[in-house]
Every structure is written in structure tokens, then in C-alpha cells.
Amino acid sequence: MIGRFLSKSTFAAPVFPDMAKTRAAQLANRTLLLILAILIVVPVVAAIAIPAQLREILGLAALMGAIVLGSFWLLRRGHVQLVSIILVVSFYLVITGSLVTYLGIRDLGSTGYFVVVALAALLLGRRGGLWAGLVSGLTAIAVYLAEINGQLVVTVQPVAPFSQLIALLVMLGLVSLLLHTAISQGIESLEQAARTSAALSRAYEEAAASRDELQARTEELQKHSAYLEASYEVGQAAVSMLEVDLLMERVVQLIRQRFGLYYVGLFLLDESQQVAELCAGTGEAGRAMLARRHSIPVGEGMVGWSIAHRQARVASHALRDAVRLATPELPETRAEAALPLRSRGQIIGALTVQHTQEGFFDAGTVTALQTMADQVGVALDNARLFAESQAALEAERRAYGEISRDAWADLVRGRGDMGYVSRPGEPVRPLSRDGRREAGAAAPAGADSSTLVVPIRIRGHEIGTVALRKRDRAGGWTVEERALMESLTAQLEVALDSARLYQDTQHRAFRDRLMAEVVGRIRESLELETVLQTAAQEIRQALDLPEVVVRLQGEAGANGGEGV
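End of the sequence shown sits at 602 in our numbering; the numbers just go up one at a time, nothing left out.
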């Protein structure tokens, strides 16, 4: 009670960052306060009970008071261990002095050694308590031996009961304080340990939860990273391939492998836009369904629903889904998702992905798959447009080739066979009839290894040849020489076609200019006779004809005559 009351005053125990040091300071502070209280009470009681010894008691109280105040000063400056040593040594000296100067080993104060040992153990630790017990025991033995050997003379006098009561109360107070402190520290340590254990348990639970959450997030990030990688790979394949059938087959195989799926199928709408036809599928099931030309009407099943509603549909529990249409080729399907193929705002088909695990297609997986489906839709549409443009280009090329062939035929037909021959020491001369026979005689393959005939082709049509002959002793034509001649002939083909086109352009320009001149002269007059006369004259002159007749005829003449 006294210690608790006084601890609220200015003599409160200091607090340090180290909890053990703070507990030792609190115990030392309480002990000092108790001693201070005893030093105040004992002189008053002694003045009443034993006035003859009042002077000695006051002197001892003053000395102890100075020690207590000095200890308070040291304690507030952090010298906790020094104060603890001072307290233990002071108690030890007081008890020992009482034994030596008063009643010897029979003195009730000898029980104070227990207080010394307990105080040393609490203030200085286990080792300090052991040393205090050893020193106190040895001191008690020394006092006993000195007393029985006559070295210590003790005068046995009747002891006043009140003095014994005071000594007993002091010892009880000190022992009670030490026991209370020890028990309090034990309880506080247990409570602190319990709080620490609870905090550690909470921290462990939080760490475990954080670890589980981190692991889940890591797995989710790894899965999304794999999905992004798969999307990139599918996108690369879609961009790099322009053949529709190969593109579809490559895409379904990639999606199945990268996502670990049971089955992937790709449907495209037919020309009526009412039926989705299976165009690519993975595994034996895909081949079987392709063989039987598997198709789904728009609006029916997972695929038809996704096309009709222009959005993805997921069946987490495929066996219980009312919309899904089961196929006998895929008996192990437990989860399915249908994803529309979109391109330029239009739905061109759908992608079906299936797995053997229920609930496999979560929101993140469906989002990644839909992103890939959009890429595939655009790639398929681009491949289709490319195929159409290639077909149109090929048709245009064939048509232009026909026109070019006809133009060359007309050119050769109009001017006869054209060609030139070059021999050493002779000027380049046109190819004569005999020369053509000579060149033609060298043309048959294998007849003469020194002769090489390379065809001249314009847009796939042969329009002539280049005949080359080595000297008799030069040997045959090597592969490199043949390749060189073919390259030169290819350049000759380009030059010939360009020359013909230029000639045609010049001819058309001349014809257009001539026509413009003739029409201009015809339109110079508004007189009917003059117009007819001018027309006959200008047309004959323009075309260098021997005769031109321009006439107007009646109905009879029209029925009986012949005209152009």
C-alpha cells in the first residue's frame, strides 16, 4: 500500500527502453520508498518505546536516509545496477552489524539474510542471488564460530517485546514487498509472454494469409502471363499465315496446347449466315466431326447462342447446362465456352473451347480467350480478303496475258516472223527464211550439246526463242551458263513487252489523233452534202484506201443493198 501510494508522487520509478532494466528500477524504487518510510516511522516509535537508544537510532536513520536519497539520484540517471548493489550491500551490512553488536546469532535480525538473498536475486539476477546467499551463509557461520570461540562477546539482555515487534514488522514488510514484486513480475512476464504469443500467433496467421494470398496472386499472374504469351503466339501465327485452312488448323492447335484444353473447334458461318460449319478441330474428335461435316444452326447450342447474341457463353458445369448440345465425340467435356469471332463489326463464326474440369473457364481465362478469338476473327477475315484479292489478281493476270498473247499474235501476223542473227565477223542481219531453218534445225533438245535454245515467254505464253551455239570444241552448256542465259532471256522478255506496250501506246495515240483530225474536219461544216463529201475524202486519206463510199439510202435501198 505504501509503495503503491508513494509511487504516484514525485518518487515514481524511471522508465527505460529495456524492459528488464525498467523492472529492476521499479523494484529498487519500491525498496527505497519502503526504507524511506521505515526511516521516518522508526525514530518516532523509538522515541516512545526506547528513548534511551534514540540517539543511536537517529544517527543510523540519518546515514540510511543519505544513502536512500543518493540512490534515488543515481536511479534516475540510469545507474540501476549500482543502486541495486548499494541496496543489497546496505541490507547486508545492517543485518551483519546488528548481529555483531547486539545479540549475535540469536538476534531476530539474522532472518534479514533471507531478505538480502531475495533482494539480490530480484535486483541482480540469479547469479547475484547465489552470491548473496553464499556470502550471507558464510557470514552467519563466521558470527556463530566467533561467538562460541569467545571472539565475539554478546551480552544477553532482556529484549523489549516492542523492539522485537518492530524488527519483525520490518522484516515482514520487506519480505512481503519482495514476494509481491516477484509474483507481480512473474505474472507480468506470463502476461507479456501470453501477449507476445498471441501477437506472434496473429502475425503468423496474417503472414500465412499473406503468403497464401501472395501465392494465389503469383499463380494468377503466372496464369495471365501464360495467357498473354499464348495470345501473342496465336496473334503472330494469325498475322504470318494467309492461307485460311492452314491458319485455322494452326490456331486451334496452338490454343489447345497453350491453355491445356480438352478440345478446340472453329466454326464459320456459311453463305446463308444461318448455319455455323465446323472448319477446324483438334484431335480425333475434331477429325471425326469434320468427316461428318458437323454444323450448328445459329441460335442453337453454345456456338449458335454466342453467334446470335454476339457475346461469349460459358457452361461451367457442362453436363447441367440447358443450352449446350453434347456431341458423342467429346464424352469427357465438363466445362465449355463459346466465343464469337468478330471482324469489322461482323460475326463470322465462333470458337468452342472445352475442358475436363468443371469451372475451369473463369473470368480471366474467358477474357484472354476472347481476345485471341478477336485476333483470329480479324486474321481469318484478312486471309479471306487476301485470297479474294489474289483470285481477282490472278484472273486479271490471266486476262491480261490473253490480251498480251493476242497482241503479240497480231504483231507477228502483221509483220511476219521477226528476228536477227549475229555471227563472228558478220554484221547483225535480219533472220531470213534459210536462217530460220538453220536456227530451227538447232532447236531439238539433245541433238547438239553445243546448242542451247531458250524460250521467250511473255506472261506465260511462248512467243519465240533465243538459239545459242558454242564453237565445236567449247563443249556443252554448264548449269551456270544455262542459268545466266535464262536470266538474260528474262530481261529480254521484259524489254520486249515494254517495247510492245510502248508501240501499242504510240499506235493508239496516232489513231486517236487521226480520228480527232478527221472528226474535226467533218464537223467544220453544217451542210449535209459538205459533211458527206468531207467524210469520204478524210476517211480515204486517213486510212490510205483506194475507195471510200459514203451514202445515205432509203428504205428500199436499205433492204436491198449491202453496206458496212
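A virtual CB, placed ideally from N, CA and C, is assigned to each residue, including glycine.
Can you name the residues that DSSP bridges to residue i?
i    : result
I22  : Residue 22 lies beyond the range of the chain shown here (39 to 602); nothing can be said about it.
S381 : Q384
E500 : R495
A353 : E374
R467 : V459
R507 : T489
L96  : Note: L96 sits in no beta bridge, so no partner.
G390 : It is worth fixing the name first, because residue 390 is Thr in this sequence and not Gly. DSSP lists G303, A376 as partners of T390.
Are residue i and residue j touching if we call contact CB-CB under 7 Å?
i    : j    : result
L292 : G387 : no
A25  : E374 : The structure shown does not extend to residue 25, since the chain is modelled only from 39 through 602, so no value can be given for it.
L77  : S109 : no
Y301 : Q408 : no
N67  : A85  : no
L490 : L506 : yes
L160 : L74  : no
G415 : L357 : no
A158 : G166 : yes
T603 : E370 : An answer regarding residue 603 cannot be provided, because it is not within the stretch 39 to 602 covered by the chain.
M327 : G319 : yes
L539 : A580 : no
L377 : A417 : no
V121 : L112 : yes
G171 : V155 : yes
R63  : P81  : Correcting the residue type first, residue 63 is Ala in the shown sequence and not Arg. No, the pair does not count as a contact, with Cβ atoms beyond the cut-off.
E396 : R435 : no
I385 : R348 : yes
Q413 : A276 : yes
Quick check on this structure: which residue in the options has the alpha carbon closest to the alpha carbon of residue i?
i    : options                : result
A314 : E567, A346, G324, L285 : A346
D510 : R520, V414, S487, T516 : S487
E267 : R296, E281, R255       : R296
R589 : D582, Q579, T572, R255 : T572
R559 : A574, F548, H545       : A574
G188 : V138, Q230, V586       : V138
V556 : Q544, D542, L299, R578 : R578
P493 : L526, A430, Q312       : L526
H332 : S344, C317, W343       : C317
Y265 : A401, R461, L107, I179 : A401
I225 : R61, T543, E426        : R61
T403 : R351, S174, R382, Q591 : R351
K59  : A246, R114, A236, A276 : R114
V118 : G97, G163, P81         : G163
Q591 : D582, L570, E281       : L570
A528 : I496, F548, K508, W515 : I496
H355 : A547, F399, S248, T503 : F399
G116 : L183, E94, P55         : P55
E309 : P335, G303, R330       : P335
E281 : A237, S427, E257, A178 : S427
S344 : L304, A329, A323       : L304
L125 : Y242, V79, L72         : L72
A406 : A184, H262, A323       : H262
S269 : A241, T256, R294       : R294
V462 : M456, G502, K508       : According to the sequence shown, residue 462 is Pro rather than Val. For the residues M456, G502, K508, the minimum Cα distance to P462 belongs to K508.
Given 8 Å as the limit, is there contact between the region 355-370 and the region 334-346, that is, 3 or more CB pairs closer than that?
Result yes; three or more Cβ-Cβ pairs closer than 8 Å.
Using 8 Å as the cut-off, can you tell me whether the region 535-548 makes contact with the region 517-525, which would need three or more C-beta pairs spanning the two stretches below that distance?
no
What runs of the beta strand (DSSP E), each 3 residues or longer, lie entirely inside the region 271-327?
301-307, 313-319
In chain order, which continuous runs of the alpha helix (DSSP H) of length 4 or greater are located wholly inside the region 504-589?
You should have 517-560, 566-581.
Within 8 Å, do at least three Cβ pairs link the region 276-287 to the region 419-427?
yes
Complete runs of the beta strand (DSSP E) confined to the region 103-168 [at least 3 residues]
none
Continuous beta strand (DSSP E) assignments of at least 3 residues falling wholly in the region 233-267
none
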